[in-house]
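Since the structure comes first, as C-alpha cells, the remarks are kept for the end.
Residue numbers (our numbering): 2 to 96.
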C-alpha cells in the first residue's frame, strides 16, 4: 500500500507522517487489496482537516474529518474509512 501524504497550509512533520502510516496500517489488516492512498491534511484557521481517498480493487473510498486537533481528525478519518472499507469488502464477497 502506497500512502501519498500532503499538507495544505500545514507542514507534514515526521511525527504526523508516522501517525498516518500507523493508522492506515490498521486498514490494511482488514482489507489487503488497497492500492493507493491519498491523504491531504489541511489547516484553516481553527479547523484541522484530514481527508483521504483510497483506491481499492473494484472502486475507491473517500472520507474527510474535521477537528480542533490534527491527530484526532486523523483518528476520526481512519474510523470512517475503516467502516467504508469493511462495507466495500462485504459487497465484494457477495458477488
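Here a beta-carbon is modelled for each residue, glycine too, at the ideal position from N, C-alpha and C.
Anyone know if the C-beta pair for residue 86 and residue 62 falls short of 7 Å?
Their beta carbons are under 7 Å apart, which means residue 86 touches residue 62 by this criterion.
Measure the alpha-carbon distance for residue 69 versus residue 42 and round it to whole angstroms.
Taking the straight line joining both Cα atoms gives about 13 Å.
Note down the Cα distance separating residue 7 from residue 53, rounded to an integer number of angstroms.
Roughly 10 Å between the two C-alpha positions.
To the nearest angstrom, report how far apart residue 50 and residue 39 are at their CA atoms.
So the alpha carbons of these two residues sit roughly 14 Å apart.
By Cβ distance, which residues of its chain are closer than 8 Å to residue 3, with the 5 residues on each side in sequence left out?
The answer, listed in chain order, is 36, 37 and 38.
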